[in-house]
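In the working numbering, the protein residues as written are 763 to 1200.
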RNA sequence: GGAGAAGUGACCGAGUGGUUGAAGGUGCACGCCUGGAAAGCGUGUGUGCGGUUUAUACCGUACCGCGGGUUCGAAUCCCGCCUUCUCCGCCA
């Protein structure tokens, strides 16, 4: 959420900045509501003040045993007027809030301006792209030929965009997650967390998924029958990322400033409905309804959030370097950034079968955008509660890392070599081959 | 799921309709005292929103788990919900 003061005092330039994100701020409606709000709020609070004063006098008179009749007549007509006024005020504020909750974050000055991904800027590349002296396969063919994945069974169990992995592939998947967690906890100083996969409405509003992106989420009702269908309300949502739980840890809190920065890491499944992406990446592990991710979250003092962003990207890059997977780092342009981000770096890993780089991590500084929604604060030098800055990044998406390993480590005989750093997690397995199922 | 109890400020804790934003204590900050410290003494110590203001500041309003209701007036009364604790049941 943006600071409403910014919209009040500097509306034009704010609206211009939002336009670079392809967001059309409803200026006229906002202005109309604001004017109205000011009038009605002053009126309402004035009526409340009158009522409070009269009530106080009644109390005083009664405690002295005096007659309070004259004060009663004073308040007589106040009730209706006050009710009318406060109802109106509530309506206006609800509408303003609705507008405000749907406005995306302002891009940082260093973010390139552009309409779509074509304007993203490459900052650096790492690793040598391996050249193969045989005809390479994509990750689906590799895994299917090794009989380690079964999309048909997954479709029977659940539907499209799910998978069943078995044997060495399932273990490799687990190994990747463990390796990432261990690295972030032991080398990068993160606090490991285990958090719920089901969350309430408030948490999703805190990080910005709600109210605008409800269709991207899976909602869950409890098994009990609703006594009255019309009032039945969703109780939980499945998390689309652990960013939601890790960031909301500080919702409605004033964090002791000497405990900053907070750095959390968690490995969780993520659930996304992928509404609006029908037909894209239908093959394989790239875009699934359920996927695992190791998520990194920083909660920091506002002065240090951009330094923290560089650190965060570095931590994600370390994983790819240790796995010896080539990648590049991109700065997303204004038109390609997510709703809550002020600045985002995407890390894209090299996928030989697609002959291109594909997103494997997204690291964002949300500045105070989420903190304002969450009322997440610390006490500044003067003891005044001040909004924190929040950052999040994938470190990394496990399923996509698995894809990258399969494709980059494939051999001419169809087997896949296990990267060196994962061997300790593989129980002696150093190569994926067709399993011997007697 | 059943029965009972409870949710008040950074923390503990009083408060069952009227000068209560909230006694008292702890903590914290500042000052006095001290050679220094402790003890002691004194003063201060919530947040959101709005208005006036360059700002400091001042004024108004809301907030005692959350949401409604009753009333001129609600931390206090009524209704619904949530959470925690104890006992029982069920369960990985």
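Backbone N, C-alpha and C define an ideal beta-carbon position, used for all residues, glycine too.
DSSP places residue 1141 in no alpha helix (DSSP H) but in the uninterrupted beta strand (DSSP E) bounded by 1139-1141. Residue 1145 counts as exposed, since fewer than 16 other C-beta atoms from the protein chains shown sit within 10 angstroms of its C-beta. Spatial neighbours of residue 1101 in its own chain (CB-CB distance under 6 angstroms, excluding positions within 5 residues in sequence) are listed in chain order as 866, 970. Under the three-pair Cβ rule at 8 angstroms, the region 955-974 counts as touching the region 993-1012.
The DSSP assignment places complete alpha helix (DSSP H) segments of no fewer than 4 residues inside the region 1046-1130 at 1067-1084, in order along the chain. Residue range 1151-1159 is occupied by the beta strand (DSSP E) that includes residue 1152, with no alpha helix (DSSP H) assigned at that position. Non-local beta-carbon contacts of residue 792 in its own chain, meaning distances under 7 angstroms to residues more than five positions away in sequence, involve 769, 861 in chain order. Assignment of alpha helix (DSSP H) within the region 946-981, counting only whole runs of 4 or more residues, yields 963-969 in chain order. Taking all protein chains in view, the Cβ of residue 1123 is crowded by 16 or more other Cβ atoms within 10 Å, so the residue is classified as buried. According to the DSSP assignment, residue 813 belongs to no beta strand (DSSP E) but to the alpha helix (DSSP H) extending over 789-825. Secondary structure at residue 924: coil, using DSSP grouped into helix, strand and coil. For the set 1008, 1053, 1160, the Cα lying nearest the Cα of residue 1152 is the one of 1008.
Here the region 917-937 does not lie against the region 1130-1138, with fewer than 3 beta-carbon pairs under 8 angstroms apart.
When the five nearest sequence neighbours on each side are left out, the beta carbons in the same chain lying within less than 6 angstroms of the beta carbon of residue 875 are those of 782, 1096, in order along the chain.
Here residue 835 is exposed, its C-beta having fewer than 16 other C-beta atoms within 10 Å. Nearest in C-alpha terms to residue 773, of all of 853, 868, 809, is 868. Judged by DSSP secondary structure, residue 1037 falls outside any alpha helix (DSSP H); it is assigned neither H nor E.
The C-beta of residue 956 has fewer than 16 other C-beta atoms within 10 Å across all chains shown, which makes the residue exposed.
The C-beta separation of residue 1169 from residue 1114 comes to about 5 angstroms, placing the pair in contact by the 8 angstroms criterion.
With fewer than 16 other Cβ atoms from the protein chains shown falling within 10 Å of its own Cβ, residue 896 counts as exposed. The secondary-structure analysis by DSSP pairs residue 1029 across a beta bridge with 1056. The C-beta of residue 942 has 16 or more other C-beta atoms within 10 Å across all chains shown, which makes the residue buried.
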